[in-house]
Amino acid sequence: MKPGNTPLVELRNLAPAGTRLFAKLEWFNPTGSIKDRAAWYMFRNAVEDGKLKPGQPLIEATSGNTGIGLARLALIHRHPMAICLPSTATEERRRLLRAYGAELIVVEGGPNDAIAHARSLVESGQGHMLYQYGNRWNVYAHFLGTSREILRDWPLDEPPTHLLAAYGTGGTITGNSRGLKMTWKDLRVHSVEPFVDDPIGGMRSQDDPFQPPIADLSLVTDRHEVHKGVAELAVADAMKEEGLFVGTSSGAILHAAVETLSGEGGTAVVLLPDDGWKYLSGAPWSEL
Ligand SMILES: Cc1ncc(COP(=O)(O)O)c(C=O)c1O
0 MKPGNTPLVE LRNLAPAGTR LFAKLEWFNP TGSIKDRAAW YMFRNAVEDG
50 KLKPGQPLIE ATSGNTGIGL ARLALIHRHP MAICLPSTAT EERRRLLRAY
100 GAELIVVEGG PNDAIAHARS LVESGQGHML YQYGNRWNVY AHFLGTSREI
150 LRDWPLDEPP THLLAAYGTG GTITGNSRGL KMTWKDLRVH SVEPFVDDPI
200 GGMRSQDDPF QPPIADLSLV TDRHEVHKGV AELAVADAMK EEGLFVGTSS
250 GAILHAAVET LSGEGGTAVV LLPDDGWKYL SGAPWSEL
């Protein structure tokens, strides 16, 4: 099953008066997140290029979603899969990865520590890393896939004024802004990020000392830093207003979108990376 062709829906209750808000629901992908796209393109091209040999072990550093997408492909195509996971990753993510047959290597610290550990395993010959932070197919997945789907499914005669997406590896924002700006030249591109000292799973701050080599933020016109607690409030709002069960990074994006539309008006399209199942043990659901 190839990822993609996720629904683009209008969020009429969340959109401030006089504005329009459209969301691409990326949890309608095979393992429930936007990262199925990058996983599929990176895996397929490593096989086609002969970089990944039949049965060769795969190693990847990931906060969860890329690992879940890759673990599924590794399982289907019979590659052992080891995931280096930051110790901050939620229990739901760990269980899901195990469910998909991956071996978990929990690395004390954050995503950068997981990357360093995965690199050391590859250097000692223990497997092949697709390396989502430096793999151009992570960007092409969105340039060739997501952005074309948005152009194809866009329901209005007028283009949107704003695109908002999370910044993590940079695959989503780089591939989509390149793809969409070819047709929608005036599109403002908003990067949604956590504060560097208040992380949100899957997302990265431009102030982080490690900036992924595939990320090209030259097309980004606006930057929003969102506190995790604010993103969690927006998760609750998405449920209350739209009946949408979104993950924390989607909450951050929706918060930034509503703020942008309230201040400037216009039409926004947002890419919502995953839904809420992997976050049920945390806020806002832990109180239920
Ligand atoms: C939940 C979540 N949100 C956002 C992102 C960021 O997407 P990208 O890596 O394409 O920048 C990720 C990436 O792993 C993610 O897992």
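If you use numbering that gives the first Met the number 0, the sequence shown corresponds to residues 0 to 287, in order.
Beta carbons: idealized from backbone N, C-alpha and C, even for Gly.
Which one of the options has the shortest CA to CA distance from residue i?
i, options, result
"E224", "H141, S248, S217", "S248"
"G88", "S280, S285, E286", "Looking at the sequence itself, residue 88 is Ala, so the reference to Gly does not match. The shortest Cα separation from A88 among S280, S285, E286 belongs to S280."
"P221", "G250, T5, V191, D215", "The displayed chain sequence assigns Asp, not Pro, to residue 221. Comparing Cα-Cα distances from D221 to each of G250, T5, V191, D215, the minimum goes to V191."
"S217", "G169, K50, C83, S119", "G169"
"A16", "T266, S204, L270, L271", "T266"
"D156", "A140, T182, V195, H141", "T182"
"K227", "A214, M202, H116", "M202"
"E91", "G200, M238, V268, L287", "G200"
"F142", "V105, S119, K180", "K180"
"P238", "G275, F209, V219, L95", "The residue you asked about is not Pro; residue 238 is Met in the sequence shown. Per the Cα distances, G275."
"F42", "T173, V268, N134", "N134"
"G178", "R118, V219, W26", "V219"
"M0", "T18, T30, N44, T173", "T30"
Out of curiosity, what's the CA-to-CA distance linking residue i and residue j?
i, j, result
"S176", "I252", "16 Å"
"T171", "W136", "11 Å"
"N28", "E9", "19 Å"
"P158", "V245", "25 Å"
"G262", "G167", "25 Å"
"L74", "M80", "8 Å"
"I82", "L103", "5 Å"
"H293", "E122", "Because the chain in this structure spans residues 0 to 287, residue 293 falls outside the shown range and cannot be described."
"K277", "P154", "31 Å"
"N12", "E241", "6 Å"
"A214", "G264", "28 Å"
"P212", "P2", "24 Å"
"T61", "R151", "31 Å"
"R93", "T259", "35 Å"
"W284", "L243", "13 Å"
"L24", "L270", "7 Å"
"D207", "D196", "9 Å"
"Y139", "V106", "29 Å"
"S204", "P198", "8 Å"
"V234", "T5", "20 Å"
"L84", "L163", "27 Å"
"L232", "G250", "7 Å"
"F209", "L287", "37 Å"
"L95", "W26", "15 Å"
"S294", "L7", "Here the chain comprises residues numbered 0 to 287, so residue 294 is not present and cannot be evaluated."
"T18", "A165", "21 Å"
"G288", "G174", "Outside the displayed span of the chain (0 to 287) sits residue 288, for which this structure offers no information."
"A14", "L51", "45 Å"
"S86", "V268", "33 Å"
Please look up how many angstroms separate the CB atoms of residue i and residue j, rounded, as I've assumed it's under 8 Å.
i, j, result
"A256", "L20", "6 Å"
"D273", "S32", "4 Å"
"A230", "H254", "6 Å"
"R77", "G54", "6 Å"
"A117", "E47", "Not really, about 23 Å apart at Cβ, beyond 8 Å."
Quick check: the segment 183-195 against the segment 124-131, are there 3 or more CB pairs under 8 Å?
No contact exists between the segment 183-195 and the segment 124-131.
At a cut of 8 Å, does the segment 87-107 reach the segment 55-74 through at least three beta carbon pairs?
Flag = yes, the segment 87-107 and the segment 55-74 touch.
Starting from the N-terminal side, write out each stretch of the alpha helix (DSSP H) that is 4 residues or longer and does not extend beyond the segment 141-192.
Fully enclosed alpha helix (DSSP H) runs of 4 or longer: 146-152, 170-180.
Across the segment 117-126 and the segment 29-48, are there enough close Cβ pairs to call them in contact, namely three or more that are closer than 8 Å?
Taking 8 Å as the limit for Cβ pairs, the verdict is that the segment 29-48 does not touch the segment 117-126.
Quick check: the segment 110-124 against the segment 147-154, are there 3 or more CB pairs under 8 Å?
No: the two stretches stay apart, fewer than three of their Cβ pairs being nearer than 8 Å.
Which ranges would you report for the alpha helix (DSSP H) in the segment 86-124 if only whole runs of at least 4 residues count?
Residue ranges of uninterrupted alpha helix (DSSP H) with 4 or more members, entirely inside the segment 86-124 and ordered along the chain, are 90-98, 110-122.
Those runs of the beta strand (DSSP E) which lie wholly inside the segment 218-251 and span at least 3 residues:
Correct list: 221-225.
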